[in-house]
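Trainee: Chains as they are written, first to last, in this note's numbering: chain A, 11 to 205; chain B, 11 to 205; chain C, 11 to 205; chain D, 11 to 205. Ideal Cβ positions, reconstructed from N, Cα and C, are used throughout, including at glycine. To start, I am sharing the structure in question, which I have written as structure tokens.
Protein chains: 4
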Amino acid sequence: MRQNLTQRGKDRKRQIVERAADLFAEQGYDATSVADIVESLGVGKGVFYWYFSSKDELLLELLRVSHHDLRRRQQLAIEQEDDPVRRVEVGIRTSMQWFLEHRKYFSLFQFAANSERFNRVLRAGNDVANSDAVRHVKDAIGDGYLADYDTEMVAYAVMGVIDSLTRAYILDRPEDAERAADAAVAFCLKGLVGA
Amino acid sequence: MRQNLTQRGKDRKRQIVERAADLFAEQGYDATSVADIVESLGVGKGVFYWYFSSKDELLLELLRVSHHDLRRRQQLAIEQEDDPVRRVEVGIRTSMQWFLEHRKYFSLFQFAANSERFNRVLRAGNDVANSDAVRHVKDAIGDGYLADYDTEMVAYAVMGVIDSLTRAYILDRPEDAERAADAAVAFCLKGLVGA
Amino acid sequence: MRQNLTQRGKDRKRQIVERAADLFAEQGYDATSVADIVESLGVGKGVFYWYFSSKDELLLELLRVSHHDLRRRQQLAIEQEDDPVRRVEVGIRTSMQWFLEHRKYFSLFQFAANSERFNRVLRAGNDVANSDAVRHVKDAIGDGYLADYDTEMVAYAVMGVIDSLTRAYILDRPEDAERAADAAVAFCLKGLVGA
Amino acid sequence: MRQNLTQRGKDRKRQIVERAADLFAEQGYDATSVADIVESLGVGKGVFYWYFSSKDELLLELLRVSHHDLRRRQQLAIEQEDDPVRRVEVGIRTSMQWFLEHRKYFSLFQFAANSERFNRVLRAGNDVANSDAVRHVKDAIGDGYLADYDTEMVAYAVMGVIDSLTRAYILDRPEDAERAADAAVAFCLKGLVGA
DNA sequence: AATGAATGAGGCTTCATTCAT
DNA sequence: AATGAATGAAGCCTCATTCAT
Numbered sequence: 011m012r013q014n015l016t017q018r019g020k021d022r023k024r025q026i027v028e029r030a031a032d033l034f035a036e037q038g039y040d041a042t043s044v045a046d047i048v049e050s051l052g053v054g055k056g057v058f059y060w061y062f063s064s065k066d067e068l069l070l071e072l073l074r075v076s077h078h079d080l081r082r083r084q085q086l087a088i089e090q091e092d093d094p095v096r097r098v099e100v101g102i103r104t105s106m107q108w109f110l111e112h113r114k115y116f117s118l119f120q121f122a123a124n125s126e127r128f129n130r131v132l133r134a135g136n137d138v139a140n141s142d143a144v145r146h147v148k149d150a151i152g153d154g155y156l157a158d159y160d161t162e163m164v165a166y167a168v169m170g171v172i173d174s175l176t177r178a179y180i181l182d183r184p185e186d187a188e189r190a191a192d193a194a195v196a197f198c199l200k201g202l203v204g205a
Numbered sequence: 011m012r013q014n015l016t017q018r019g020k021d022r023k024r025q026i027v028e029r030a031a032d033l034f035a036e037q038g039y040d041a042t043s044v045a046d047i048v049e050s051l052g053v054g055k056g057v058f059y060w061y062f063s064s065k066d067e068l069l070l071e072l073l074r075v076s077h078h079d080l081r082r083r084q085q086l087a088i089e090q091e092d093d094p095v096r097r098v099e100v101g102i103r104t105s106m107q108w109f110l111e112h113r114k115y116f117s118l119f120q121f122a123a124n125s126e127r128f129n130r131v132l133r134a135g136n137d138v139a140n141s142d143a144v145r146h147v148k149d150a151i152g153d154g155y156l157a158d159y160d161t162e163m164v165a166y167a168v169m170g171v172i173d174s175l176t177r178a179y180i181l182d183r184p185e186d187a188e189r190a191a192d193a194a195v196a197f198c199l200k201g202l203v204g205a
Numbered sequence: 011m012r013q014n015l016t017q018r019g020k021d022r023k024r025q026i027v028e029r030a031a032d033l034f035a036e037q038g039y040d041a042t043s044v045a046d047i048v049e050s051l052g053v054g055k056g057v058f059y060w061y062f063s064s065k066d067e068l069l070l071e072l073l074r075v076s077h078h079d080l081r082r083r084q085q086l087a088i089e090q091e092d093d094p095v096r097r098v099e100v101g102i103r104t105s106m107q108w109f110l111e112h113r114k115y116f117s118l119f120q121f122a123a124n125s126e127r128f129n130r131v132l133r134a135g136n137d138v139a140n141s142d143a144v145r146h147v148k149d150a151i152g153d154g155y156l157a158d159y160d161t162e163m164v165a166y167a168v169m170g171v172i173d174s175l176t177r178a179y180i181l182d183r184p185e186d187a188e189r190a191a192d193a194a195v196a197f198c199l200k201g202l203v204g205a
Numbered sequence: 011m012r013q014n015l016t017q018r019g020k021d022r023k024r025q026i027v028e029r030a031a032d033l034f035a036e037q038g039y040d041a042t043s044v045a046d047i048v049e050s051l052g053v054g055k056g057v058f059y060w061y062f063s064s065k066d067e068l069l070l071e072l073l074r075v076s077h078h079d080l081r082r083r084q085q086l087a088i089e090q091e092d093d094p095v096r097r098v099e100v101g102i103r104t105s106m107q108w109f110l111e112h113r114k115y116f117s118l119f120q121f122a123a124n125s126e127r128f129n130r131v132l133r134a135g136n137d138v139a140n141s142d143a144v145r146h147v148k149d150a151i152g153d154g155y156l157a158d159y160d161t162e163m164v165a166y167a168v169m170g171v172i173d174s175l176t177r178a179y180i181l182d183r184p185e186d187a188e189r190a191a192d193a194a195v196a197f198c199l200k201g202l203v204g205a
């Protein structure tokens, strides 16, 4: 909302975003009130609206920033690989690693993905991610002897594997994170019977 | 909230559940008020509380019933197959077919899965489903030369593929439903590079 | 908002409108909160929104109804006169008499007339009133030897006289109401120097 | 809130008053926030409270100054006429001309006139104006053969004509300003039938 | 079984004003 | 003189739920 922020202002804004993310993750977006956020920060209600024009706008910003961070991290990691199959693998591992480090965003992403109001933010980033993935997948598959099905679908399938295993393992049993990532990679590359 | 319902009562109750499901799917659970539901049905508010003790209870019941229906349909289909690999395939296809026919439940399941308050209902059914799946997967994989990773994880992976492709294709472009199912099956069985 | 009102409902609604009119007249529209209204009635806040979709909507309805009443009263009185000059006189007297009896609406009308948001309601009624008045004035003036200036303007002028004298005398010194009405009539008919 | 202002300070203050008048005219006093004013000026909030102790105080000052200007302009114009009837005419024309040039103040005056809080400022000026007018009117009427009704009332009537025609024509159709002024004068002097 | 009416806590947001720098 | 930051009361409105009939 405001733009000319002093250092103090920037800090305060970041503080709000982070606290909000924590609370959203704990209780859900709808169940978390603006009052919850500012009270937990010990500041007045007006502070919130000095930095954000609405609760929705805060979530949007939060999604934009974190999603962008995830995507960037992935990009960086993938760039360093040449082999297309390795690229897919690295993509999977980086995603899961990121969620391990930023567990609180996972449920928010899921929530947003299910909401008419918020999914466009993710959609934007995801579309880029998906078309990237399609390219890698195409390269990985090679001469197209699997051209029977759309590579775009494969990209979505990979994302689904990541989401599901992240939800089931990364969040609740971080100690299994590594094994879950291995499983995701193995499954995505070879499937059930593709020994 | 009554239990001994006459036929008329049962009909009314079903009517409420269905209308609620429609509205929840359109606007989301939190954004749909009890008033929305009864108004769209043209009845008074008392009706709602005659059949349900709370809005949450309605969702819980709705989830229980529909999730059970999905699981049952799957069970029936799988039973008719002997080959374990075919069983996995049939499981996938049945899920996606069911969501094609009951699109309105998909987002509700996703919502519930993300909610502390509601996910236990799905969890119950899903745990059964998962251990079933594990069995099938184990059988499919055969003598365990892929025993390196947990079959439970594989089961989650399969579910993730189903969810992701359902969301991306089944809901928005029903005409691609078949291809999406094919893609899901192929991907789950052979993965990206599993020729 | 609601339509199927029981007798009790209709009474309650009327009660709200009247209390609101009182408070608006005393403190002004903006300065009167919905809480003021319901508290002064000893009911819960929800009651207000059962009958009106918003505070603005209440004012709109209040304006519509009362303005319509004023116009109707005028119409009835005027109809009984044949002489056009007498019609103008009766119109003026009826207006002022009505405001004497419904003092609380005067400032509301003035407020609304000054508000982008609300003046359309009055505009509608006033336009009719004005074109009626134009007809009477035309008749009163006779063969048009005053056709030099627009009769529409004259109609507005008459309204201005009514408003101004109402504000200055009717509201604050009801005992002078009669004299004020006489003055308004004399002024409108003959002006300052029109012996 | 300072008093000993440098030239720069005086300019700044005038700037605020004028911008506020613009915004008040556009959106209304209550609907215009202090934030609106300072933002539209591109300055911080402190500036406002440096020059004014409150939003109300700003309006009061604005009313005082502009109303005084109107009255002064009228005075000057009237002084140059000897004939009492001409004086009334010139008073009317000057008012309307002034509002044509300062359209933004019209609705503010109306708003203030309707407000317990603000009307005293206008009252003060208006009372003077009115007693002046009474004198002129008395002179105009001459030997009192119209002494039947109070000349004070006539003064209010004239003001009402001015307000009404100003609102209806001067503000919305400036091109009709001249005709409206003519109409006001003719009506006030001769009334409807005082040919 | 069902209706219209009522409750009241709580949610989001605004805004005049003050403060530290 | 001026800025960005902060306060907190208050306003409008929603909504799950309950009640009287």
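Using the Cα positions of glutamate 91 of chain B and aspartate 79 of chain B, report the straight-line distance between them to the nearest angstrom.
Mentor: Cα-Cα distance, rounded: 19 Å.
Trainee: Compute the distance between the beta-carbons of glycine 201 of chain A and leucine 199 of chain B, then report whether it is under 8 Å.
Mentor: Yes, Cβ-Cβ distance for glycine 201 of chain A and leucine 199 of chain B is below 8 Å.
Trainee: Between the region 19-36 of chain B and the region 44-64 of chain B, do three or more beta carbon pairs fall short of 8 Å?
Mentor: As far as the Cβ criterion goes, the region 19-36 of chain B touches the region 44-64 of chain B, which means the pair count is three or higher.
Trainee: Output the residue ranges of the alpha helix (DSSP H) runs that lie fully inside the region 79-160 of chain C and measure 4 residues or longer, sorted by chain position.
Mentor: The qualifying runs are 94-111, 113-123, 129-151.
Trainee: Would you mind stating whether valine 147 of chain C and valine 164 of chain C have Cβ atoms separated by less than 8 Å?
Mentor: Yes. Within cutoff.
Trainee: Isoleucine 26 of chain C lies in the alpha helix (DSSP H); which residues open and close that run?
Mentor: Looking at the DSSP string, the run of the alpha helix (DSSP H) that includes isoleucine 26 of chain C is 17-37.
Trainee: Mind pulling the chain A residues with CB within less than 7 Å of phenylalanine 197 of chain B?
Mentor: Here the neighbours are Val164, Ala167, Gly201.
Trainee: Can you find at least 3 beta carbon pairs, one from the region 123-136 of chain B and one from the region 87-106 of chain B, that sit closer than 8 Å?
Mentor: With a cut-off of 8 Å, the region 87-106 of chain B and the region 123-136 of chain B do not count as touching, because too few Cβ pairs lie within range.
Trainee: Beta-carbon of isoleucine 151 of chain D versus every beta-carbon of chain C: anything under 8 Å?
Mentor: Judged by the 8 Å Cβ criterion, isoleucine 151 of chain D is in contact with chain C.
Trainee: Any chance you could list the beta strand (DSSP E) runs of at least 3 consecutive residues sitting entirely within the region 161-201 of chain D, in chain order?
Mentor: For the region 161-201 of chain D, not a single whole beta strand (DSSP E) run of length 3 or above is found.
Trainee: Alpha carbon to alpha carbon, how far is glutamate 126 of chain A from histidine 112 of chain B?
Mentor: About 19 Å.
Trainee: Would you say arginine 81 of chain D faces chain C, with C-beta separation under 8 Å as the test?
Mentor: Taking Cβ atoms only, chain C never reaches closer than 8 Å to arginine 81 of chain D, which makes this a no.
Trainee: Starting from glycine 56 of chain D and walking both ways along the alpha helix (DSSP H), at which residues does that stretch end?
Mentor: Counting along the chain, the alpha helix (DSSP H) containing glycine 56 of chain D begins and ends at 55-61.
Trainee: For alanine 193 of chain A, which residues in the same chain have their Cβ closer than 8 Å to its Cβ, ignoring the five residues on either side in sequence?
Mentor: For alanine 193 of chain A, where only same-chain residues beyond five positions count, the Cβ hits under 8 Å are Leu175.
Trainee: In the DSSP assignment, find the alpha helix (DSSP H) that holds aspartate 40 of chain C and state where it starts and stops.
Mentor: Run containing aspartate 40 of chain C: none; DSSP gives neither H nor E here.
Trainee: Distance check for serine 117 of chain D and serine 76 of chain D, CA to CA, integer angstroms please.
Mentor: Their Cα atoms are separated by approximately 13 Å.
Trainee: For valine 144 of chain C, which residues from the same chain have a beta carbon less than 6 Å from its beta carbon, with the 5 sequence-adjacent residues on both sides left out?
Mentor: Once the five neighbours on either side are set aside, the close Cβ partners of valine 144 of chain C are Thr161, Glu162, Ala165.
Trainee: Would a check of beta-carbon distances place arginine 183 of chain B closer than 8 Å to chain A?
Mentor: Not an interface residue.
Trainee: Between isoleucine 88 of chain D and valine 168 of chain D, which are expected to be in contact by the criterion C-beta below 8 Å, what is the C-beta distance as a whole number of angstroms?
Mentor: Rounded, the Cβ-Cβ distance is 13 Å, inconsistent with contact.
Trainee: Please report the straight-line C-alpha distance between aspartate 46 of chain D and leucine 72 of chain D, rounded to a whole angstrom.
Mentor: Cα to Cα, aspartate 46 of chain D sits roughly 17 Å from leucine 72 of chain D.
Trainee: Report the option in C:Trp108, C:Pro184, C:Val44 whose CA atom is closest to the CA atom of arginine 3 of chain C.
Mentor: Nothing in the structure corresponds to residue 3 of chain C, since chain C is present only between 11 and 205.
Trainee: Rank B:Tyr179, B:Tyr115, B:Leu68, B:Asp186 by C-alpha distance to the C-alpha of aspartate 32 of chain B and give the top, closest one.
Mentor: With distances taken between Cα atoms, aspartate 32 of chain B lies closest to B:Tyr115.
Trainee: Taking aspartate 40 of chain D as the reference, which of C:Asn124, C:Glu188, C:Arg81 has the closest Cα?
Mentor: For the residues C:Asn124, C:Glu188, C:Arg81, the minimum Cα distance to aspartate 40 of chain D belongs to C:Asn124.
Trainee: Taking only three categories from DSSP, how would you classify serine 64 of chain D?
Mentor: Looking at serine 64 of chain D - three-state DSSP - the assignment turns out to be coil, as it is neither helix nor strand.
Trainee: Just how far apart, CA to CA, sit aspartate 186 of chain D and leucine 110 of chain D?
Mentor: Taking the straight line joining both Cα atoms gives about 11 Å.
Trainee: Quick check: the Cα distance between leucine 15 of chain B and threonine 42 of chain D, rounded to an integer number of angstroms?
Mentor: When rounded, the distance between both Cα atoms is 58 Å.
Trainee: Applying a beta-carbon distance threshold of less than 8 Å, which residues of chain A neighbour glutamine 120 of chain B?
Mentor: Ordered by position in chain A, the residues that pass the 8 Å Cβ test against glutamine 120 of chain B are Gln120, Ala123, Asn124.
Trainee: May I ask which residues mark the beginning and end of the alpha helix (DSSP H) holding valine 9 of chain B?
Mentor: Summary: the structure shown does not reach residue 9 of chain B, with chain B confined to residues 11 through 205, and so no result is reported for it.
Trainee: For alanine 150 of chain A, which residues in the same chain have their Cβ closer than 7 Å to its Cβ, ignoring the five residues on either side in sequence?
Mentor: So the list reads Pro94, Val95, Val98, once near-sequence residues are dropped.
Trainee: Which of helix, strand or coil does DSSP assign to arginine 12 of chain A?
Mentor: Of the three classes helix, strand and coil, the one that applies to arginine 12 of chain A here is coil, per DSSP.
Trainee: For a quick check, are the C-beta atoms of leucine 68 of chain C and phenylalanine 128 of chain C less than 8 Å apart?
Mentor: No, they are not a contact pair.
Trainee: Taking all protein chains shown into account, decide if methionine 106 of chain A is buried (16 or more other Cβ within 10 angstroms of its Cβ) or exposed.
Mentor: Buried, because 16 or more other Cβ atoms sit within 10 Å of the Cβ of methionine 106 of chain A.
Trainee: Could one say the Cβ of serine 105 of chain C lies closer than 8 Å to chain D's Cβ atoms, at least one of them?
Mentor: Serine 105 of chain C does not count as touching chain D.
Trainee: Can you say whether leucine 86 of chain C is buried or exposed, counting buried as having 16 or more other CB atoms within 10 angstroms of its CB?
Mentor: Looking at its Cβ environment, which holds fewer than 16 other Cβ atoms inside 10 Å, leucine 86 of chain C is exposed.
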